[in-house]
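With the UniProt record's numbering, the residue at position 23 of the sequence shown is 23, and numbering never jumps.
Structure first, then comments.
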Amino acid sequence: MIEIRDDNNKAVLFEKILEQLPSLKWFDVLFKVGDSSITPDTVSNILKLKTFNNLEKFYVKNIPESFDLESFEIFLQVCFL
Numbered sequence: 001m002i003e004i005r006d007d008n009n010k011a012v013l014f015e016k017i018l019e020q021l022p023s024l025k026w027f028d029v030l031f032k033v034g035d036s037s038i039t040p041d042t043v044s045n046i047l048k049l050k051t052f053n054n055l056e057k058f059y060v061k062n063i064p065e066s067f068d069l070e071s072f073e074i075f076l077q078v079c080f081l
């Protein structure tokens, strides 16, 4: 498991990590309990990114309650349909 923190030892937001991966093809993430990189705005922020043109696989496990699954469904439709 990798945990990414900034210079102030705060968890880097999930969408900020994805933003730095413009050629992302496969992504597999296992969230830990209480993961602070996910907020209620995470999915809506992910939907604004333009980094998913090459995305083939996106696995998400142990999804935190703060993760907006309804908006994530839109993300999946945009990327994979």
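Each residue gets a CB set at the ideal place from its N, CA and C atoms; glycine is no exception.
Just so we're clear, the structure is a prediction, and the values are computed from it rather than from any experiment.
Any idea which residues DSSP pairs residue i with across the strands?
| i | result |
| --- | --- |
| F27 | F58 |
Considering residue i, what are the terminal residues of the alpha helix (DSSP H) in which it resides?
| i | result |
| --- | --- |
| T42 | 42 to 47 |
| K16 | 14 to 19 |
So, residue i versus residue j, is the Cβ gap smaller than 8 Å?
| i | j | result |
| --- | --- | --- |
| F67 | V43 | yes |
| K61 | L30 | yes |
| K25 | N54 | yes |
| L13 | T39 | yes |
| D28 | P64 | no |
Just to confirm my understanding: we take residue i, look at its own chain, exclude 5 residues before and 5 after, and list those with CB closer than 8 Å. What are they?
| i | result |
| --- | --- |
| L49 | E15, L18, E19 |
Do we get a CB-CB distance below 8 Å when we pair residue i with the residues of chain D?
| i | result |
| --- | --- |
| E56 | Given the protein chain composition of this structure (a single chain), no chain D is represented. |
Got a sec? Which residues, its chain only, sit under 6 Å from residue i by beta carbon, not counting five neighbours each side?
| i | result |
| --- | --- |
| D6 | V12 |
Excluding the 5 residues preceding and the 5 following residue i in the sequence, name in chain order all residues of the same chain whose CB lies nearer than 7 Å to its CB.
| i | result |
| --- | --- |
| S23 | N54 |
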